[in-house]
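Mapped onto my numbering, the consecutive letters of the sequence shown carry residue numbers 1075 to 1332. Quick reminder that beta carbons are idealized off the backbone N, C-alpha and C, glycines included. Being a predicted model, the structure only gives us computed values, none of them experimental. What follows is a set of notes on a single structure, which appears directly below.
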Amino acid sequence: MTVPSAAPAQPEDPRKPRHIAIVMDGNGRWAQRRGRPRTFGHRAGAKAVRLCVRGCLEHGIHALTLFAFSSENWKRPQEEVGTLMKLFLRSLDREVDELHEHGVRLRFIGERGLLAAPIQQRMHAAERRTAGNRALNLTIAISYGGRWDIAQAARQLALAAVEGRIQPAAIDEAALAAHMQLADLPAPDLFIRTGGDHRISNFLLWQLAYTELWFTDTLWPDFDAAELARALADYAARERRYGLTGEQVERPRKGASA
Ligand code: IPE
Ligand code: IPE
Ligand code: MG
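What follows is the structure, encoded as structure tokens:
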């Protein structure tokens, strides 16, 4: 039996992440430190998103996935949820033109049925409009949870099994991976979380299996080009072993020729 390798095909430059996934945390605290309501921080956070996208375009990053609103964030006070939804709607109206001009392909992952119809419509329109772009794959995770993602993949496979399109014995890691969100992208190479907490908070649970994790105390509205450069520099110095020994990784050709 051959065990599938966790290591992806060798990227062009192994020191540069192809795919960055970010938990944009700390908006509320940023605002509270200024004596302002939490929603003020969310507005400032939207500006940081623009800077971050620009930075990724400049660095030639293939994919950027941003955690904007989790399955659990629905439980926040109604007023905050309402403001966040208004901000999404406004961003969709204001930002898509410019993203499109810069060659950004925009997509969304998450439980869309929970979002208001006007938001769903704009998401769909933005995805269709930017589908042919290649400069950067920008994915916004909204109403997203890693557990939801795994459950929806399992549901698709269960349906295929009931309909006789797949044998239960054929349901393996590859089959599940093919039905997860972002299946067409390489798994994130670099995970960034701002705001000082060291947790995943139900982000891409399946896809982060071998991702390099990087945490910063900087609150999301203060995340800028210099901070992105710091994360990239840290990533460049890491050795990704995927379960192998350091020696195997340093001399992959020798190990592979056996
Ligand atoms: C992240 O900032 C944005 C969302 C979760 C929508 P927070 O709103 O969680 O900010 P803190 O963590 O309370 O400071
Ligand atoms: C994670 O932030 C979700 C997003 C950034 C969208 P939270 O602020 O919701 O995370 P917890 O609750 O502190 O773990
Ligand atoms: Mg938070």
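Per-residue DSSP class, three states only, for residue 1249: helix
Residue 1133, DSSP secondary structure in three states: coil
Assigned secondary structure, residue 1274 (DSSP; H/G/I helix, E/B strand, else coil): coil
Residue 1180 - containing beta strand (DSSP E), residue span: 1178-1183
Return yes when at least one heavy atom of ligand 2 lies under 7 Å from the C-beta of residue 1073, else no. Residue 1073 falls outside the range modelled here, since the chain spans only 1075 to 1332, and no answer is possible.
DSSP three-state call for residue 1304: helix, strand or coil? Judged by DSSP in its simplified three-state form, residue 1304 adopts helix.
Hey, residue 1256 and residue 1230: beta-carbon distance below 8 Å or not? no
In or out: residue 1199 buried (at least 16 other Cβ within 10 Å) or exposed? exposed
For the 8 Å Cβ check, are there 3 or more pairs between the stretch 1155-1171 and the stretch 1183-1196? By the criterion of at least three beta-carbon pairs nearer than 8 Å, the stretch 1155-1171 is in contact with the stretch 1183-1196.
According to DSSP, which residues form a beta bridge with residue 1093? Answer by DSSP bridge pairing, in chain order: 1137.
How many angstroms separate the CA atom of residue 1085 from the CA atom of residue 1093? 11 Å
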